[in-house]
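Here is the structure we will look at, set down as C-alpha coordinates.
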Amino acid sequence: MSNINKQALRERYSPKSVPKCHICGEEMTIQRISASRITYGCTGATYDDIGCHYAEGRSIADDHYEQSRVTVVDVSDPDVLALLDELEHYKSREERVTKLVLDNSTSWDVLYEKLEAAEKRIAEQREYYEGVIADGSKRIAELEAREVSVSEIRKNKFIEKTEDELDGDHYTICKNG
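First residue of the sequence shown? That's 2 in the numbering used here, and the numbers climb one at a time after it.
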(Lines of atoms letter the chains of each structure in order from A and count residues from 1; the text may use other names and numbers.)
(Lines give C-alpha, C1' and ligand atoms only; values in the text may rest on other atoms or scores of the structure.)
Protein backbone atom coordinates (compact mmCIF):
# COMPACT_ATOMS: atom_id res chain seq x y z
CA MET A 1 0.00 0.00 0.00
CA SER A 2 1.26 3.46 -0.80
CA ASN A 3 2.33 5.75 1.98
CA ILE A 4 -0.89 7.61 2.86
CA ASN A 5 -1.63 9.95 5.72
CA LYS A 6 -4.07 7.87 7.74
CA GLN A 7 -4.64 10.66 10.27
CA ALA A 8 -5.68 13.06 7.50
CA LEU A 9 -8.09 10.44 6.13
CA ARG A 10 -9.52 9.87 9.61
CA GLU A 11 -10.08 13.61 10.10
CA ARG A 12 -11.59 14.01 6.63
CA TYR A 13 -14.09 11.14 6.96
CA SER A 14 -14.99 11.62 10.65
CA PRO A 15 -18.27 13.34 11.48
CA LYS A 16 -17.75 17.05 12.02
CA SER A 17 -18.51 18.52 15.42
CA VAL A 18 -21.16 21.20 15.73
CA PRO A 19 -19.44 24.54 15.05
CA LYS A 20 -19.43 27.49 17.44
CA CYS A 21 -20.84 30.85 16.42
CA HIS A 22 -18.06 33.15 15.21
CA ILE A 23 -19.97 36.15 16.63
CA CYS A 24 -20.95 35.10 20.16
CA GLY A 25 -19.13 31.76 20.61
CA GLU A 26 -22.29 29.76 21.39
CA GLU A 27 -22.91 26.34 19.86
CA MET A 28 -24.97 26.62 16.69
CA THR A 29 -27.96 24.47 15.78
CA ILE A 30 -28.77 22.64 12.57
CA GLN A 31 -31.07 24.75 10.41
CA ARG A 32 -31.17 22.71 7.23
CA ILE A 33 -29.78 19.41 5.87
CA SER A 34 -29.56 18.74 2.15
CA ALA A 35 -27.65 15.63 1.03
CA SER A 36 -24.17 16.10 2.50
CA ARG A 37 -24.62 19.83 3.20
CA ILE A 38 -25.58 20.92 6.69
CA THR A 39 -26.46 24.55 7.39
CA TYR A 40 -25.88 25.75 10.96
CA GLY A 41 -27.11 28.99 12.47
CA CYS A 42 -26.93 30.72 15.83
CA THR A 43 -30.50 31.26 17.02
CA GLY A 44 -29.66 32.34 20.54
CA ALA A 45 -32.16 29.76 21.76
CA THR A 46 -31.73 27.70 24.89
CA TYR A 47 -33.74 24.62 25.66
CA ASP A 48 -34.79 23.32 29.06
CA ASP A 49 -37.67 21.34 30.62
CA ILE A 50 -40.11 24.19 30.02
CA GLY A 51 -39.23 24.70 26.34
CA CYS A 52 -37.30 27.04 24.05
CA HIS A 53 -36.13 30.46 25.30
CA TYR A 54 -34.38 33.19 23.33
CA ALA A 55 -31.72 35.44 24.75
CA GLU A 56 -32.77 39.01 25.46
CA GLY A 57 -33.00 41.03 22.26
CA ARG A 58 -32.95 37.92 20.03
CA SER A 59 -35.66 36.46 17.82
CA ILE A 60 -35.88 33.41 15.59
CA ALA A 61 -34.58 35.12 12.43
CA ASP A 62 -32.61 38.21 13.42
CA ASP A 63 -29.47 39.76 11.92
CA HIS A 64 -27.23 37.73 14.26
CA TYR A 65 -28.79 34.56 12.85
CA GLU A 66 -28.25 35.70 9.24
CA GLN A 67 -24.61 36.65 9.85
CA SER A 68 -23.77 33.47 11.78
CA ARG A 69 -25.09 30.98 9.23
CA VAL A 70 -22.51 28.56 7.87
CA THR A 71 -22.88 25.57 5.56
CA VAL A 72 -20.68 22.58 6.20
CA VAL A 73 -20.18 19.76 3.71
CA ASP A 74 -20.32 16.53 5.67
CA VAL A 75 -18.33 13.85 3.86
CA SER A 76 -18.08 11.60 6.87
CA ASP A 77 -18.03 7.93 5.94
CA PRO A 78 -18.24 5.24 8.60
CA ASP A 79 -17.02 2.61 6.12
CA VAL A 80 -13.76 4.49 5.57
CA LEU A 81 -13.34 4.86 9.34
CA ALA A 82 -14.02 1.13 9.82
CA LEU A 83 -11.42 0.30 7.16
CA LEU A 84 -8.87 2.57 8.85
CA ASP A 85 -9.58 0.87 12.20
CA GLU A 86 -9.16 -2.55 10.59
CA LEU A 87 -5.94 -1.43 8.91
CA GLU A 88 -4.57 -0.24 12.27
CA HIS A 89 -5.60 -3.54 13.87
CA TYR A 90 -3.81 -5.61 11.23
CA LYS A 91 -0.79 -3.31 11.28
CA SER A 92 -0.41 -3.76 15.06
CA ARG A 93 -0.97 -7.51 14.63
CA GLU A 94 1.73 -7.61 11.96
CA GLU A 95 4.11 -5.78 14.31
CA ARG A 96 3.38 -8.28 17.13
CA VAL A 97 3.93 -11.26 14.81
CA THR A 98 7.14 -9.72 13.47
CA LYS A 99 8.36 -9.21 17.04
CA LEU A 100 7.54 -12.85 17.89
CA VAL A 101 9.38 -14.05 14.79
CA LEU A 102 12.43 -11.94 15.66
CA ASP A 103 12.33 -13.13 19.29
CA ASN A 104 12.11 -16.75 18.13
CA SER A 105 14.86 -16.12 15.60
CA THR A 106 17.08 -14.80 18.39
CA SER A 107 16.18 -17.80 20.54
CA TRP A 108 17.03 -20.17 17.69
CA ASP A 109 20.36 -18.40 17.18
CA VAL A 110 21.22 -18.86 20.86
CA LEU A 111 20.12 -22.51 20.79
CA TYR A 112 22.12 -23.12 17.61
CA GLU A 113 25.24 -21.62 19.23
CA LYS A 114 24.76 -23.88 22.27
CA LEU A 115 24.32 -26.90 19.98
CA GLU A 116 27.52 -26.07 18.10
CA ALA A 117 29.42 -25.68 21.40
CA ALA A 118 28.07 -29.04 22.65
CA GLU A 119 29.03 -30.76 19.38
CA LYS A 120 32.53 -29.26 19.65
CA ARG A 121 32.89 -30.56 23.25
CA ILE A 122 31.67 -34.01 22.17
CA ALA A 123 34.23 -34.08 19.33
CA GLU A 124 37.03 -33.07 21.73
CA GLN A 125 35.97 -35.71 24.25
CA ARG A 126 35.70 -38.36 21.51
CA GLU A 127 39.23 -37.53 20.35
CA TYR A 128 40.55 -37.69 23.93
CA TYR A 129 38.87 -41.02 24.74
CA GLU A 130 39.90 -42.55 21.42
CA GLY A 131 43.48 -41.75 22.45
CA VAL A 132 42.90 -43.29 25.89
CA ILE A 133 41.42 -46.42 24.30
CA ALA A 134 44.33 -46.65 21.84
CA ASP A 135 46.85 -46.32 24.70
CA GLY A 136 44.95 -48.94 26.72
CA SER A 137 44.78 -51.32 23.75
CA LYS A 138 48.51 -50.87 23.16
CA ARG A 139 49.27 -51.62 26.83
CA ILE A 140 47.00 -54.70 26.79
CA ALA A 141 48.77 -55.95 23.65
CA GLU A 142 52.15 -55.42 25.32
CA LEU A 143 51.04 -57.32 28.41
CA GLU A 144 49.56 -60.16 26.38
CA ALA A 145 52.76 -60.46 24.33
CA ARG A 146 54.95 -60.62 27.41
CA GLU A 147 55.89 -64.02 28.80
CA VAL A 148 56.31 -64.29 32.55
CA SER A 149 57.72 -67.36 34.22
CA VAL A 150 56.63 -68.51 37.66
CA SER A 151 60.16 -68.13 39.01
CA GLU A 152 60.20 -64.52 37.84
CA ILE A 153 56.90 -63.88 39.56
CA ARG A 154 58.21 -65.49 42.79
CA LYS A 155 61.42 -63.55 42.54
CA ASN A 156 59.49 -60.30 42.46
CA LYS A 157 57.36 -61.55 45.39
CA PHE A 158 54.11 -61.44 43.46
CA ILE A 159 53.14 -64.96 44.54
CA GLU A 160 52.41 -65.95 48.13
CA LYS A 161 52.77 -69.72 47.64
CA THR A 162 55.86 -71.71 46.77
CA GLU A 163 56.23 -73.54 43.47
CA ASP A 164 55.42 -76.82 45.22
CA GLU A 165 52.14 -75.40 46.52
CA LEU A 166 51.03 -74.18 43.08
CA ASP A 167 48.20 -76.31 41.81
CA GLY A 168 48.16 -76.23 38.01
CA ASP A 169 47.31 -72.84 36.51
CA HIS A 170 45.61 -71.46 39.63
CA TYR A 171 47.75 -69.31 41.86
CA THR A 172 47.35 -66.09 43.81
CA ILE A 173 49.17 -62.94 42.76
CA CYS A 174 49.50 -60.12 45.27
CA LYS A 175 50.97 -56.65 45.13
CA ASN A 176 54.65 -56.13 45.73
CA GLY A 177 55.35 -54.52 49.04
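In this text, a Cβ means the ideal position worked out from N, Cα and C, and glycines have one as well. A quick note: this is a predicted structure, and the numbers were derived from the prediction, not measured.
- Message: I'd like the span of the alpha helix (DSSP H) that includes Val111, first residue to last.
- Response: Counting along the chain, Val111 sits inside the alpha helix (DSSP H) bounded by residues Pro79 to Ala146.
- Query: So, do the stretch 27-43 and the stretch 64-79 have three or more beta carbon pairs nearer to each other than 8 Å?
  - Reply: yes
- Residues in its own chain within less than 8 Å of Ile5 by CB, not counting five upstream and five downstream? Beyond the five residues adjoining it in sequence on each side, Ile5 comes within less than 8 Å, by CB distance, of no other residue in the same chain.
- Burial state of Tyr55 (16 or more Cβ within 10 Å): exposed
- Item | Inter-stretch contact at 8 Å, needing at least 3 Cβ pairs: the stretch 63-73 / the stretch 39-49 | These segments touch.
- Message: Could you pull the DSSP bridge partners for His35 from this structure?
- Response: First, the residue type needs correcting, since residue 35 is Ser and not His in the sequence shown. Note: Ser35 sits in a beta bridge opposite Arg38.
- Message: Less than 9 Å between the beta carbons of Pro20 and Glu28, yes or no?
- Response: Against a cut-off of 9 Å, the Cβ pair of Glu28 and Pro20 comes out as a contact.
- Query: Roughly how many angstroms separate the alpha carbons of Thr47 and Pro16, rounded to a whole number?
  - Reply: 24 Å
- Item | Pick from Ala9, Ile141 and Gly26 that is closest to His65, judged by C-alpha positions | Gly26
- Could you have a look at Asp75 and say whether DSSP puts it in helix, strand or coil? coil
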